[in-house]
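Position one of the sequence shown corresponds to residue 726 (our numbering), numbered consecutively onward.
Every residue gets a Cβ at the ideal spot worked out from N, C-alpha and C, and that includes glycine.
This structure is a prediction, so every number in the text was calculated from the model and none was measured.
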Amino acid sequence: MVPGQPHASHPAILVDLLLGAILLAGAAGGLRIGLGLPAGVLPLSLVAYAVLAVLLWRQRAGRAITQADRVTLGRATLVMLLIGLLPGAEAMAVDPAPIFAFALAAALLDGVDGAVARRLRCETQAGARFDMEVDAVLLAVLALWVYALDRAGLWVILIGLWRYLFVLAGWVQPALARPLPASQRRRVICGIQAVGLALCTAPGLPVTVATPTALALLLLVSYSFIIDAVTLWRNPNQGEQ
């Protein structure tokens with residue numbers, strides 16, 4: 726076991742998941758009532774969270790959940806809230822301050838879980854995988870919000886689709902399904918995408934600023950995925966160092 730990694734069992738994970746569900750229900754329910762949002766906000770948030778909980782429960786069968794994982798779970802809970810609030814996009818377009826706050830918090834927390842894992846020496850492959858999947862969903866949801874708030878055209882959704890298109894390409898071409906080693910370029914660009922998309926939801930941000938920003942983000946993430954694809958295609962036994 727990695728030093729500093731706490732023991733955990735299914736009941737311990739269940740406590741974390743239940744706490745997240747309670748906080749999510751309170752936030753979604755409060756926003757729904759306070760802002761007069763559609764009734765679907767709360768159930769959609771909880772359904773999205775239930776899917777997350779089931780996947781995490783299955784992934785962590787018999788394994789520990791670390792302090793870093795708890796930070797990632799908190800970030801994932803914010804993402805599920807953003808999903809649940811999508812039915813209220815039209816009402817929230819008048820003042821998207823809550824969306825901006827949740828989006829920016831979820832984006833900035835991306836670096837916290839990694840820092841916690843390194844400091845407490847509780848880095849695990851499962852934790853890194855969990856973090857990566859939360860990143861992918863976050864980008865997809867933020868791209869949807871940028872579109873829903875009329876800050877960019879439908880094309881902005883491609884930012885969130887790139888990861889899943891890459892996975893799909895790996896099913897068609899096995900060379901593209903090979904694992905890539907850790908890349909500073911990939912980490913930096915992912916962070917830029919999350920923060921950049923969050924900023925595109927800022928209250929009062931003109932479309933003339935948001936749209937070019939979103940386009941630049943799309944070009945940047947496209948460049949990153951194309952570099953990875955070319956690397957794997959040319960040398961399927963070695964990724965970027």
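Check                                                                              : Outcome
Where A907 sits in the DSSP three-state scheme                                     : coil
Closest residue to L940 among L905, Y889, V871, V955 (Cα-Cα distance)              : V871
Span of the alpha helix (DSSP H) around E815                                       : 814-817
CB of L893 within 8 Å of CB of L957, strictly                                      : no
Contact check, R876 vs T926, beta carbons under 8 Å                                : yes
L834, enclosing alpha helix (DSSP H) - first and last residue                      : Careful: L834 lies outside any alpha helix (DSSP H) and carries neither H nor E.
Alpha-carbon spacing of V866 relative to L767, whole angstroms                     : 17 Å
Among A801, S949, L864, L833, the one whose alpha carbon lies nearest that of D746 : Per the sequence presented here, residue 746 reads as Ala, with Asp not at that position. If we check each option's Cα against that of A746, A801 comes out closest.
Cβ-based burial, D820 [other Cβ within 10 Å; buried from 16]                       : exposed
Nearest-angstrom Cβ-Cβ length linking V841 and Q792, presumed shorter than 8 Å     : 6 Å
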